[in-house]
Each structure stands twice: as structure tokens, then as C-alpha cells.
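If you're matching them up, the sequences are chains A and B in order. Position one of the first sequence corresponds to residue 75 (this note's numbering), numbered consecutively onward. Position one of the second sequence corresponds to residue 75 (this note's numbering), numbered consecutively onward. The beta carbon of each residue, even a glycine, is placed where N, CA and C say it ideally should be.
There are 2 protein chains.
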Amino acid sequence: MQIHTRMTKQKRVIVEELAGMRTHPTANEVYQLVRSRLPKISLATVYRNLEQLSEDGSIRRIDICGSQRRFDPIVEPHHHMRCNICKSVYDLPVQKLEELEGCMGKCGEYTLTGYNLAFCGVCHRCDK
Amino acid sequence: MQIHTRMTKQKRVIVEELAGMRTHPTANEVYQLVRSRLPKISLATVYRNLEQLSEDGSIRRIDICGSQRRFDPIVEPHHHMRCNICKSVYDLPVQKLEELEGCMGKCGEYTLTGYNLAFCGVCHRCDK
DNA sequence: ATAACTGCAAATTATTTGCATGAGC
DNA sequence: GCTCATGCAAATAATTTGCAGTTAT
């Protein structure tokens with residue numbers, strides 16, 4: 075980790091493309107998007123920027139979805155759901171779990187600082 | 075997936091070694107354990123058996139811990155916490171989240187069938 | 001000027017698969 | 001005996017790293 079980070083052309087385009095997306099793209103999906111504007115960008119640069127942006131809190135990294143990491147431009151607390159069939163990840167309109175916030179802090183011999191909650195199920199498109 | 079599964083020597087030892095473990099081992103950790111009793115077993119066999127056992131509900135697969143899948147012999151609902159520092163995964167003595175159960179079923183346009191909740195923080199060993 | 005960032009290619013890590021042989025039921 | 005399971009080796013997939021050249025501050 076570094077002390078100073080710089081705003082590069084690549085980072086700016088990554089942030090711009092991610093903004094507003096609600097599909098929780100993987101690194102490779104972000105790479106494909108960004109490539110239409112910066113054809114020479116490399117996948118490693120996308121990985122490095124997504125990682126750095128997660129670290130400074132600009133975006134949210136979603137580690138709960140099986141083998142592939144996903145990214146979310148919305149950092150405010152909310153929950154996700156992953157369809158067992160199509161594997162898409164959606165935002166969930168469940169806001170009533172503030173009880174979770176009450177778990178933060180000291181909990182037995184652990185100090186809890188955050189959590190990941192992911193539901194699984196079937197989405198409207200796959201539910202026939 | 076197959077219709078009939080068989081109880082092999084390898085599967086039996088994997089189940090026996092896993093039973094009672096509270097460290098949520100990775101496939102490779104299970105492999106190392108089992109190897110002391112079955113030196114010729116291969117890592118692929120361990121992966122195949124852990125996957126099969128998760129599918130038939132005999133063990134629980136934990137997909138929420140970053141890049142490595144972990145396994146838990148306890149299938150009853152409970153929550154986990156992963157230390158940010160040592161990356162260990164612990165059981166959590168938080169049982170008051172039954173509200174989560176109330177979220178199952180229809181939720182907007184989704185049908186929720188399960189969830190994964192993992193806390194992160196710092197464990198007693200790393201908290202100095 | 002200097003430290004951070006890039007693209008590229010190669011390396012790593014975790015997991016899966018093809019296949020010939022072996023073993024439960 | 002018929003499948004399913006195994007061991008091995010090779011393949012895949014996701015992510016990370018080394019490095020020499022480039023760029024933001």
C-alpha cells in the first residue's frame with residue numbers, strides 16, 4: 075500500500091464506467107467495459123485499480139459470491155442476493171436488518187468491524 | 075451429479091477427520107490431515123468428496139471468506155467471523171439474528187432460500 | 001524529480017477435468 | 001457386473017507479480 079495515490083486516466087475511466095452500475099461486475103467485466111474507451115488498458119491495471127479503490131473506500135468489494143470477486147460502486151450498507159441459477163447478483167430491498175449493526179464492536183472474544191451478508195435464491199427472470 | 079453415491083474408504087476418512095473440527099479447514103488443509111491416514115489419496119479426491127458431501131448436506135461449504143473455500147462439519151445455522159489479520163475463521167456466539175429467518179421466502183421479485191452471513195474483525199489472538 | 005502507475009508477460013493459487021484403473025453395491 | 005470413485009497429470013480460471021518504460025504531482 076502506498077501513501078499517495080494518483081488519479082490516472084485509467085482509474086478515472088474505471089470509476090466512471092462503474093458509477094451507476096447495479097450488476098456488481100467482476101474485474102473482467104469492468105475490463106471489457108473500460109476497454110471500449112481505453113483499448114490499450116490491461117487487465118492487471120483494472121485489478122490494481124479496483125483493489126486500490128476498495129481499499130480507500132471509494133467502491134465496495136464483494137467477496138461473497140463464490141469464486142469470483144465482484145465490485146459495487148455503492149458503498150452505503152445494503153444487502154445482496156445471488157441467483158442460484160443465473161449467478162447474477164442483485165441488490166436486495168431488505169433494510170430491516172439494523173440488528174446487525176448492533177453486533178458491531180466487542181462480541182465475546184472478538185472485535186467485529188464489519189460483515190458481509192448475502193442471500194441466495196432464485197430471481198424473477200429464472201423463476202418460471 | 076449422480077443418483078447413487080458410494081461410501082468409500084477415502085470419503086469415510088475425510089468425514090471422520092472433519093468431524094468436530096472448528097477451524098473451518100480449506101480443501102488443502104483437509105488433504106494434509108487425511109494424508110496422515112491415507113498417504114496415497116489425491117487432492118482431487120478430497121475436492122470431489124468435499125463437494126459431494128456439501129451437495130448432499132452432510133457438511134457445509136463456506137464461500138464467504140475471500141479466495142479460499144472452506145468447509146464446516148456443522149450444518150446447523152450459525153455465523154462466522156474471519157480475522158482480518160490472521161485470516162482464521164471462527165464460529166460466532168451470535169444467535170440473536172433470527173430476523174434473518176424471517177427474510178426467507180418471497181422478497182420483492184426474489185425468492186430467498188438461504189443466506190451467508192460472515193463478520194470480519196480482529197480475533198483475541200491478534201488483538202494486542 | 002520522484003514516486004506511483006502502466007502494459008505486458010510470466011508466475012501463483014485454487015479448483016476442475018480427462019482418463020485408465022480400481023472398488024462399492 | 002455395472003457404475004461410480006480414485007490417482008495422476010494436465011487444464012482452467014482468477015488473481016498477482018516482476019519489470020522496464022511512462023506519467024501525475
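Handout entry: Per-residue contacts from L36/B into chain A (C-beta, under 9 Å)
Key = The requested residue 36/B does not occur in the structure, where chain B is confined to residues 75 to 202.
Exercise for the section: Give a yes or no on whether 9 Å exceeds the smallest Cβ distance from G94/B to chain A. Expected result: Judged by the 9 Å Cβ criterion, G94/B is not in contact with chain A.
Problem - Beta-carbon neighbours of D198/B, restricted to chain A and to distances below 9 Å - result: Before going on, a small fix: residue 198/B reads as His here, not Asp. Near H198/B (Cβ distances below 9 Å), the residues of chain A are G182, E183, Y184, T185.
Exercise for the section: Using three-state DSSP, classify R80/A as helix, strand or coil. Expected result: coil
Practice task
Give a yes or no on whether 9 Å exceeds the smallest Cβ distance from E150/B to chain A.
Solution key: no
Practice task
Give the straight-line distance between the Cα atoms of N123/A and E125/B, rounded to the nearest whole angstrom.
Solution key: 34 Å
Handout entry: Proximal residues, the stretch 111-123 of chain B versus chain A, C-beta separation under 9 Å
Key = none
Practice task
Counting only the same chain and skipping the five closest in sequence on each side, list residues whose C-beta sits under 8 Å from that of H153/A.
Solution key: D165, L166, V168, L171, L191, A192, F193
Handout entry: Beta bridge counterpart(s) of M155/B as assigned by DSSP
Key = Y164/B, F193/B
Practice task
Please confirm if A192/A has its CB atom under 9 Å from at least one CB of chain B.
Solution key: yes
Exercise for the section: For G195/A, decide whether its Cβ has a neighbour in chain B, counting only Cβ atoms nearer than 9 Å. Expected result: yes
Practice task
Return the residue from the list C157/B, M178/B, G179/B that minimises the CA-CA distance to D201/B.
Solution key: When C157/B, M178/B, G179/B are compared, the shortest CA-CA separation from D201/B is found for C157/B.
Problem - Contact between the stretch 174-181 of chain B and the stretch 175-185 of chain A (3+ Cβ pairs under 8 Å) - result: no
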